[in-house]
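Peer 1:
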Amino acid sequence: MSVILCLCSLSSSPHCLARPWSWYHSSVSRQQAEAQLQRCREASFLVRDSESGTSKYSIALKTSHSCVHIIVAQTKTSKGLGFTLDQSSCVFSSIPELVHHYCIHRLPFNGAEHMTLQHPLPRQQ
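Right under this line is the structure:
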C-alpha cells in the first residue's frame, strides 16, 4: 500500500495546489489523462483541471475496465468554499485533504465503491 502525504496544513492556500503535489497535472486534457493512465495499474489516479464549466477539478482514475473521470464539486460551507465528490459525502477545505481522505476511504460511486486512490501518477517534468 502506498503512503501518500496529502495534508494541507503546510500551505496557507485554501486550495493547496500551489504546492508541488505530484498527482496534480493541472491542464492535461481528458484524453491525455486517459492515455497516461492506460499503461498504469488499477487504482492509479491523477487530479487535473476540469474541462467542464461547472467544476474546477476532476480526478481521473484507472479502474479494472477503463478510466473514469470524477468531478470534484465546489460547495459553499460556513468556512468558505469546500470540495466534495458527491453532495451526500464529506466536504473538504482543500483538494489535498479530499485526495488524502480517498486514499484511505472508499470512493462513493457505483462501479468504484470498492476502490480507493492508491497509486498517484506523478506528472511528467
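Numbering (mature numbering (1 follows the signal peptide of the UniProt record, and there is no 0)), first residue to last: -18 to -1, 1 to 107. Heads up, the beta-carbon is just placed ideally off N, CA and C, and yes, glycines get one too. On a predicted model such as this, the values are computed, not experimentally measured, just so you know.
(1) Between the Cα of residue 26 and the Cα atoms of 74, 32, 6 and 35, which residue gives the shortest distance?
(2) Hey, residue 89 and residue 49 are a contact pair by Cβ (cut 8 Å); roughly how many whole angstroms apart?
(3) Assuming residue 8 and residue 30 are in contact, meaning their beta carbons sit under 8 Å apart, how far apart are those beta carbons, in whole angstroms?
(4) Would you tell me roughly how many angstroms separate the C-alpha atoms of residue 14 and residue 101, rounded to the nearest one?
(5) Taking C-beta to C-beta, are residue 52 and residue 34 nearer than 8 Å?
(6) List the whole-angstrom C-beta distance separating residue 81 from residue 59, where the pair is believed to meet the contact cut-off of C-beta under 8 Å.
Peer 2: According to the structure shown:
(1) 6
(2) Incorrect: roughly 14 Å between the Cβ atoms, too far for contact.
(3) 7 Å
(4) 18 Å
(5) no
(6) Between residue 59 and residue 81 the Cβ distance is about 18 Å, and since that is not below 8 Å, they are no contact.
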